[in-house]
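A quick write-up on the structure given underneath.
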Amino acid sequence: MAENAEVFVHALGACESDTVGSGTRVWAFAHVLKGAVVGRDCNVCDGAYVETGAVVGDRVTIKNQVMIFDGVTVEDDVFLGPGVTFTNDLNPRARIKRHGDALLPTLVRSGATLGARVTVVCGTTIGADAFVGAGAVVTADVPDRAFVVGNPARRIGWACDCGLRLPDAPDGRPACRCGRRWATVGDRLEPVG
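Residue numbers (UniProt numbering): 1 to 193.
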């Protein structure tokens, strides 16, 4: 059980980790295993699972039924929609138990959003402030601020820091409805001003 008195664990939730930050809430039927790291002010919703060896940053939203396995690192301010699933073994077999270096690490950079039922194949990095649309299957790295959808996930545009998809701009300088301005530089999106 989490030692930190500032961690809320629902009566029907389980938190075996001693490394959970203050202000974090673990709801009914969620399970945070011993050896998992969960940062401050996170919301671990019903039925979520955070395995030993997983690392979750601060202010992360882990919606219902999210599965975060050993080798997955989720940085600060990430949103994981309902049913997001990470893998950690590229060639799983029930009769072979892989651990440690035999598992491929996955990284979700700060500010990224993964929509409902996204599947992330191990060994990939999802860039900062990227937006992965509901139901996508991520099989390759996703650039910072990319807006990706589909199976396999492919970039169809760019995402603003506010989360909105940026409109196509023939001059390569999209402006968001929130007022932020951007410029595409090769295969990157950079803020303007």
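For each residue, glycine too, the CB sits at the ideal point set by N, CA and C.
Query                                                                                             : Result
A130, DSSP secondary structure in three states                                                    : coil
Contact check, C162 vs R180, beta carbons under 9 angstroms                                       : yes
Expected contact under 8 angstroms - CB spacing of V37 and T24 to nearest Å                       : Incorrect: roughly 11 angstroms between the Cβ atoms, too far for contact.
Cβ pair R145, R188 closer than 9 angstroms                                                        : yes
Residue environment, V185, which counts as buried when at least 16 other CB atoms sit within 10 Å : exposed
Bridge-paired residues (DSSP) for N64                                                             : Answer by DSSP bridge pairing: none, since N64 is not bridged.
C176 (DSSP reduced to helix, strand or coil)                                                      : coil
Expected contact under 8 angstroms - CB spacing of W27 and V44 to nearest Å                       : 6 angstroms
Test item: CB-CB of T119 and V142 under 9 angstroms                                               : no
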